[in-house]
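Report on the following structure.
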Amino acid sequence: PTTRTPVASGGAEPPFATPPATTGPAAPPPSTAPDSLHLLSPGRAGRLRLGMTEAEIRALYPADQLRATTRTQEGMTSPGLLLTDAQHPEAAPLELELEARPDGPTRLWRIRVTDPNYRTAAGIGVGSPVGAARQQYGLSAVERTNAGLVAVSKAARMSWVLDDTGLAAPSRLAQVPPATRITGVLLF
Numbered sequence: 002p003t004t005r006t007p008v009a010s011g012g013a014e015p016p017f018a019t020p021p022a023t024t025g026p027a028a029p030p031p032s033t034a035p036d037s038l039h040l041l042s043p044g045r046a047g048r049l050r051l052g053m054t055e056a057e058i059r060a061l062y063p064a065d066q067l068r069a070t071t072r073t074q075e076g077m078t079s080p081g082l083l084l085t086d087a088q089h090p091e092a093a094p095l096e097l098e099l100e101a102r103p104d105g106p107t108r109l110w111r112i113r114v115t116d117p118n119y120r121t122a123a124g125i126g127v128g129s130p131v132g133a134a135r136q137q138y139g140l141s142a143v144e145r146t147n148a149g150l151v152a153v154s155k156a157a158r159m160s161w162v163l164d165d166t167g168l169a170a171p172s173r174l175a176q177v178p179p180a181t182r183i184t185g186v187l188l189f
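Numbering of the sequence shown is given in the numbering used here, commencing with residue 2 and proceeding in unit increments.
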């Protein structure tokens, strides 16, 4: 059946317009929500969760997907792992920052995501505008860190690393344009 849509009319035209014919069924809009292996949520990236031991991480993933690394930040060196995505091996690996504890096992304390396949349930991730993160999760601060310029969402327990190319040094959230692109996500 043909559907008709009301249109503005000055009285000379019929009050309904017939939509143009289509050649087939309309394609559904693309989903922005990731599959469960690429879902970002507070304290989680796919199957990873903050606080996991290094042994638990190594039990979840094959050895060829994990590579040991170290990270030096503020003069301190800490262990880490780089996790290659089996579904997207060409994508940037997840950076898993570990905390070596003298009184217990080494644990995952932060995850850095630069792979655009990882997204929140609302579809926000690398490549999204920070305005979408602000609208969905709220932002509590903007600050310059070793990771770069970040907008912090305490509610989501995530910091959105921003593309600050061409931006003056913003000191307040209001100074960050909503169209500024997210280049990374830090889960803390």
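In this text, a Cβ means the ideal position worked out from N, Cα and C, and glycines have one as well.
Self-check item: Straight-line gap, residue 132 to residue 35 (C-alpha atoms, nearest Å)
Solution: Here residue 132 refers to the residue found at position 131 when the sequence shown is read from its first residue. Here residue 35 refers to the residue found at position 34 when the sequence shown is read from its first residue. Each residue's Cα considered, the two are about 20 angstroms apart.
Exercise. Would you identify the three-state DSSP class for residue 55, choosing helix, strand or coil?
Key: Within the sequence shown, residue 55 is the residue found at index 54, counting from 1. Of the three classes helix, strand and coil, the one that applies to residue 55 here is helix, per DSSP.
Self-check item: Pair within 9 angstroms by beta-carbon distance, residue 187 and residue 142
Solution: Stepping through the sequence shown from its first residue, residue 187 is reached at position 186. Stepping through the sequence shown from its first residue, residue 142 is reached at position 141. Result no, Cβ atoms of residue 187 and residue 142 do not sit closer than 9 angstroms.
Exercise. Please go through the same chain and pick out, in chain order, the residues whose beta-carbon is closer than 7 angstroms to the beta-carbon of residue 84, but skip the five residues on each side of it.
Key: Taking the first residue of the sequence shown as position 1, residue 84 is located at position 83. A distance below 7 angstroms between beta-carbons, with the five flanking residues on each side excluded, links residue 84 to the following residues of its chain, in chain order: 62, 66, 67, 94, 95, 97.
Quiz prompt | Range of the contiguous alpha helix (DSSP H) that encloses residue 135 | solution = In the sequence shown, counting from the first residue as 1, residue 135 sits at position 134. Per DSSP, residue 135 is one residue of the alpha helix (DSSP H) stretching across 131–138.
Quiz item: Looking at residue 185 and residue 113, is the spacing between their C-beta atoms short of 9 angstroms?
Solution: Numbered from its first residue, the sequence shown carries residue 113 at position 112. Numbered from its first residue, the sequence shown carries residue 185 at position 184. Contact flag set, yes.
Practice problem: Pull up the distance between the alpha-carbon of residue 22 and that of residue 136, whole angstroms please. | Solution: What you label residue 22 is simply residue 21 of the sequence shown in a count that begins at 1. What you label residue 136 is simply residue 135 of the sequence shown in a count that begins at 1. For residue 22, the predicted model reports a pLDDT of 39, less than 50, meaning its position is unreliable; a value from the coordinates is still stated below. Across the structure, residue 22 and residue 136 are spaced so that their CA atoms are roughly 37 angstroms apart.
Quiz item: Are the beta-carbon atoms belonging to residue 88 and residue 38 less than 9 angstroms from one another?
Solution: Counted from its first residue, the sequence shown places residue 88 at position 87. Counted from its first residue, the sequence shown places residue 38 at position 37. With respect to residue 38, residue 88 sits close: the two C-beta atoms are nearer than 9 angstroms.
Quiz item: Just checking, does the segment 68–83 make contact with the segment 154–167 on the three C-beta pairs under 8 angstroms criterion?
Solution: The answer is no - the segment 154–167 does not touch the segment 68–83, with fewer than three Cβ pairs under 8 angstroms.
Exercise. Might you give, ordered along the chain, the residues of its own chain that have their beta carbon closer than 6 angstroms to the beta carbon of residue 79, omitting 5 neighbours on each side?
Key: Taking the sequence shown and counting its residues from 1, one reaches residue 79 at position 78. Only 72 meet the Cβ criterion.
Exercise. Can you tell me which of 122, 117, 99, 55 puts its alpha carbon nearest to the alpha carbon of residue 81?
Key: Counted from its first residue, the sequence shown places residue 81 at position 80. Residue 81 has its Cα closest to that of 99, out of 122, 117, 99, 55.
Self-check item: residue 37, DSSP secondary structure in three states
Solution: Along the sequence shown, one-based indexing puts residue 37 at 36. Correct three-state label for residue 37: helix.
Quiz item: What are the start and end residues of each continuous beta strand (DSSP E) run of 3 or more residues lying completely inside the segment 80–135, in chain order?
Solution: DSSP runs (the beta strand (DSSP E)) wholly in the segment 80–135: 95–100, 108–114.
Self-check item: Range covered by the beta strand (DSSP E) that runs through residue 160
Solution: Here residue 160 refers to the residue found at position 159 when the sequence shown is read from its first residue. Looking at the DSSP string, the run of the beta strand (DSSP E) that includes residue 160 is 159–163.
Quiz item: Under 9 angstroms between the Cβ atoms of residue 183 and residue 123?
Solution: Along the sequence shown, read from residue 1 onward, the residue named residue 183 stands at position 182. Along the sequence shown, read from residue 1 onward, the residue named residue 123 stands at position 122. No, these two residues do not count as a Cβ contact at 9 angstroms.
Quiz item: Can you name, in chain order, every residue of its own chain whose Cβ lies under 8 angstroms from the Cβ of residue 101, other than the five neighbours on each side?
Solution: Start at 1 with the first residue of the sequence shown, and residue 101 comes out as number 100. 79, 80, 107, listed in sequence order.
Exercise. Grab me the residues of residue 173's own chain with a C-beta within less than 6 angstroms of its C-beta, minus the 5 sequence neighbours each way, in chain order.
Key: Taking the first residue of the sequence shown as position 1, residue 173 is located at position 172. Correct list: empty, nothing qualifies.
Quiz item: Which whole-angstrom value describes the C-beta separation of residue 116 and residue 164, a residue pair presumed to lie in contact below a C-beta threshold of 8 angstroms?
Solution: Start at 1 with the first residue of the sequence shown, and residue 116 comes out as number 115. Start at 1 with the first residue of the sequence shown, and residue 164 comes out as number 163. About 16 angstroms; that fails the 8 angstroms criterion.
Quiz prompt | Burial state of residue 1 (16 or more Cβ within 10 Å) | solution = Past the edges of the chain, shown from 2 to 189, lies residue 1, and the structure says nothing about it.
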